[in-house]
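Chains A and B supply the protein sequences, listed in that same order. Here the first sequence is numbered in the UniProt record's numbering, starting from 1 and rising by one per residue. Here the second sequence is numbered in the UniProt record's numbering, starting from 1 and rising by one per residue. Comments concern the structure below.
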Amino acid sequence: MAVPRGRILDLAKVQCRIFNTTFNPDGLRTGNKILRQRLKGASIADYYPRRGPTTRDLARLYPGLETYNDYEEERFEHIQITKSRGKGSPPKKREPNQFKKK
Amino acid sequence: MAPFRAKKLDLGCFVNVMTMRDHTKRKVFAENEVERQALRYITRNTTLPQRVRAQAQLQLTQMNCYTRYTQIKNRCVMGGKGRGVLKDFRMSRFQFRINALRANLPGVKKANW
């Protein structure tokens with residue numbers, strides 16, 4: 001027994017009303033599938049870990065604060081060692097009117 | 001030269017031109033995502049007038065390429081590599097191995113049977 005098309009359409013309409021979907025019997029392309037997609041921008045922008053505060057930032061914010069910088073300490077130590085061996089950087093030249101003479 | 005790049009670097013991982021570029025692309029994509037989706041909806045909607053759809057298509061093509069999702073590539077957070085990156089750990093396969101063997105990744109265990 002064939003069911004008339006009108007009744008099937010009515011059924012589809014009721015179905016759409018109950019399940020809160022759009023009634024589109026002709027299967028037109030309304031682009032709703034794009035509206036249905038979730039926005040993924042936030043999760044994509046979070047891929048790389050962001051830069052957190054460092055001791056260097058702290059030292060810059062509070063100039064009086066004593067912080068420990070491993071790299072700097074090592075550098076000073078190295079300079080002291082070279083100086084004690086007499087291999088430090090040479091003293092700066094002191095020629096006051098160097099540029100005026102030329 | 002780099003119109004979208006942040007003035008101050010806000011990356012906390014391995015920094016490389018490639019990772020920096022990818023990071024800026026991600027941020028630009030997130031900013032423009034809503035606009036892109038709206039234009040995409042207009043172009044795909046066949047019930048709208050043809051002229052409007054064509055205009056939307058034109059606007060989509062004229063947007064900067066950084067706003068496109070296809071520009072984004074998952075890169076290694078530890079070494080910036082673009083190939084062999086495990087999505088769940090955001091690391092390339094070798095960095096993953098090193099970190100897993102050092103027990104830096106909770107729950108990851110070397111297979112043994």
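Just so it is clear, CB atoms sit at the ideal spot from N, CA and C, and this is done for glycine as well.
Applying the criterion that 16 or more other CB atoms from any shown protein chain within 10 Å of the CB defines a buried residue, is residue i buried or exposed?
i: I42 (chain B); result: buried
i: G12 (chain B); result: exposed
i: L39 (chain B); result: buried
i: G6 (chain A); result: exposed
i: K8 (chain B); result: exposed
i: H23 (chain B); result: buried
i: K110 (chain B); result: exposed
i: V77 (chain B); result: buried
i: Y48 (chain A); result: buried
i: Q15 (chain A); result: exposed
i: V34 (chain B); result: exposed
i: residue 126 (chain A); result: With chain A represented from 1 up to 102, any question about residue 126 (chain A) goes unanswered, as that position is not in the structure.
i: S89 (chain A); result: exposed
Taking Cβ-Cβ distances shorter than 7 Å, what residues in chain B pair up with residue i?
i: A45 (chain A); result: R26, K27, A30
i: L28 (chain A); result: T46, T47
i: Y48 (chain A); result: L11, C13, T19, H23, V77
i: I18 (chain A); result: Here the premise fails: no neighbours, minimum Cβ distance about 24 Å.
i: L61 (chain A); result: Going along chain B, no residue has its Cβ under 7 Å from L61 (chain A), so there is no contact; the nearest lies around 15 Å.
At a CB-CB cut-off below 8 Å, which residues of chain A make contact with residue i?
i: E33 (chain B); result: L39, K40, G41
i: R68 (chain B); result: None at all; the shortest Cβ gap to chain A is about 12 Å.
Would you mind telling me which residues of chain A sit closer than 7 Å to residue i, beta carbon to beta carbon, in chain order?
i: L86 (chain B); result: Neighbours of L86 (chain B) on chain A: none; closest Cβ ~13 Å, over 7 Å.
i: N104 (chain B); result: Per Cβ cutoff of 7 Å: no residues; N104 (chain B) is ~14 Å from chain A at best.
i: I72 (chain B); result: I44
Rank the options by C-alpha distance to the C-alpha of residue i and give the top, closest one.
i: G41 (chain A); options: B:E35, B:M91, B:P3, B:K27; result: B:K27
i: M20 (chain B); options: B:F94, B:R53, B:Y66, B:A103; result: B:Y66
i: Q59 (chain B); options: B:F4, B:T70, B:N32; result: B:N32
i: S43 (chain A); options: B:M78, B:N74, B:F94; result: B:N74
i: G80 (chain B); options: B:P3, B:F14, B:F4; result: B:F14
i: P106 (chain B); options: B:R93, B:F89, B:F94; result: B:F89
Please name the residue or residues paired with residue i in a DSSP beta bridge.
i: L39 (chain B); result: DSSP, once it has assigned bridges, lists no residue as partnering L39 (chain B).
i: R50 (chain A); result: B:L11
i: V60 (chain B); result: The sequence as given places Leu at residue 60 (chain B); Val does not occur at that position. According to DSSP, which records beta bridges pairwise, L60 (chain B) is partnered with nothing at all.
i: L86 (chain B); result: B:M91
So which residues on chain B does residue i lean against when the C-beta distance must stay under 8 Å?
i: P53 (chain A); result: Going along chain B, no residue has its Cβ under 8 Å from P53 (chain A), so there is no contact; the nearest lies around 10 Å.
i: L35 (chain A); result: Q37, Y41
I want to verify the contact list: residues of chain B whose CB lies under 9 Å from the CB of residue i, in sequence order.
i: G31 (chain A); result: R40, Y41, I42, T43, R44, N45, T46, T47, L48
i: L65 (chain A); result: Chain B residues near L65 (chain A): none, gap ~22 Å exceeds 9 Å.
Closer than 9 Å by beta-carbon distance: list the chain A residues that pair up with residue i, in chain order.
i: R5 (chain B); result: Near R5 (chain B) there are no residues of chain A at all, since even the closest Cβ is about 14 Å away, more than 9 Å.
i: R97 (chain B); result: In chain order: nothing, as chain A lies at least about 20 Å away.
Practice task
Would you check if the segment 46-59 of chain B and the segment 28-41 of chain A touch, i.e. whether three or more CB-CB distances between them fall below 8 Å?
Solution key: yes
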